[in-house]
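The structure appears right after this line, and notes come after that.
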Amino acid sequence: MTKKEALLQAAKELFGEYGFTETTFKKISDRAGVALGLLTHHYGNKEKLFLAAGLDVLDRFLTVLRAAVADAPTGREGVLHFCRAYLDFSVDPGSNWLVLVRCSPYSDMKVNEDRDIMLRKFAEVHNVLEAELQRGMEDGSLPTLAAAATAQVIVSLMVGANRTRVLTPYAYTVPHLYEETLRFVERALGGRANAQE
18 MTKKEALLQA AKELFGEYGF TETTFKKISD RAGVALGLLT HHYGNKEKLF
68 LAAGLDVLDR FLTVLRAAVA DAPTGREGVL HFCRAYLDFS VDPGSNWLVL
118 VRCSPYSDMK VNEDRDIMLR KFAEVHNVLE AELQRGMEDG SLPTLAAAAT
168 AQVIVSLMVG ANRTRVLTPY AYTVPHLYEE TLRFVERALG GRANAQE
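Quick note on this note's numbering: the sequence shown kicks off at 18 and runs consecutively.
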């Protein structure tokens, strides 16, 4: 791992643990075991480093989502694969998912240009799901529906289930919250639109 990669990894870990405000360049350089000056050299400021950390996590997340839907035989199955991959990625210790949960680009990014970059990247998540919904309508595995609105509702459900699981005490949540969430999506999608009798 290069020093630049070590700094980025340390930043992802610390942003996830402490949030944007409490994560300092000193904490990052100490965790990475790299001189503080290299952090500024490679990333400039904390906002740019946060952007790099968030984009890195989102790029890996999108790779996982795209791979999950690629092997789905129907659009309906693609939606279900998307949801499972979303939830699984969110609890994978190596994903650095908490960077996105604790450091929302919607609230912590102060530079409009950086926020716009992150928002465009987040839109790609919706696009993957929306494409599967469209495919499901075309292949008959889903009824006619408003794909963009349905994608927004499903992603909102994933976000809510994820935040409930990772940010609240487990005693508050139902056992097997993610499995129940997936069953809910499956029921909401219904059966095949053009099922043969």
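C-beta atoms are modelled at their ideal positions from N, C-alpha and C, and glycine is treated no differently.
The structure presented is a predicted model; accordingly, all values stated were derived computationally and were not measured.
Thinking C-alpha only, which one of Glu130, Leu136, Arg132 and Thr167 is nearest alanine 148? Nearest C-alpha to alanine 148: Thr167.
Would you tell me roughly how many angstroms separate the C-alpha atoms of arginine 132 and leucine 75, rounded to the nearest one? Going by the C-alpha atoms only, they are around 14 Å apart.
My output table needs one value for tyrosine 181: the three-state DSSP class, helix, strand or coil. Contrary to the premise, residue 181 reads as threonine rather than tyrosine in this sequence. Three-state result, threonine 181: helix.
How many Å lie between alanine 84 and glutamate 94 at the Cα? Rounded to the nearest angstrom, the two C-alpha atoms are 13 Å apart.
Out of Leu162, Asp156, Glu130 and Val170, state which residue places its alpha-carbon closest to the alpha-carbon of valine 142. Of the listed residues, the one whose Cα sits closest to valine 142 is Val170.
Output the distance between the C-alpha atoms of threonine 185 and alanine 178, rounded to the nearest integer angstrom. Straight-line Cα distance between these residues: approximately 11 Å.
Whether or not the region 18-25 and the region 47-55 are in contact is what I'm after, with contact meaning three or more pairs of Cβ atoms, one per stretch, closer than 8 Å; do they touch? Touching, per the Cβ criterion.
Do leucine 162 and leucine 150 have their C-beta atoms closer together than 8 Å? The Cβ atoms of leucine 162 and leucine 150 lie closer than 8 Å to each other.
State the start and end residues of the unbroken alpha helix (DSSP H) segment that holds aspartate 47. That run of the alpha helix (DSSP H) goes 42-49.
Say whether the region 32-45 touches the region 60-69, bearing in mind that this needs 3 or more beta-carbon pairs closer than 8 Å, one atom from each stretch. Three or more Cβ pairs drawn from the region 32-45 and the region 60-69 lie within less than 8 Å of each other, which places the two stretches in contact.
So, with DSSP's three-state summary, where would you put methionine 18? Three-state DSSP puts methionine 18 in coil, outside helix and strand.
Here's the rule I'm using: 16 or more other beta-carbon atoms within 10 Å means buried, otherwise exposed. How should arginine 152 be labelled? Arginine 152 is buried by the Cβ-count criterion.
My output table needs one value for glycine 33: the three-state DSSP class, helix, strand or coil. In the three-state scheme derived from DSSP, where H, G and I count as helix and E and B as strand, glycine 33 is classed as helix.
Work out the CA separation of cysteine 100 and methionine 154 for me, nearest whole Å. Each residue's alpha carbon lies about 18 Å from the other.
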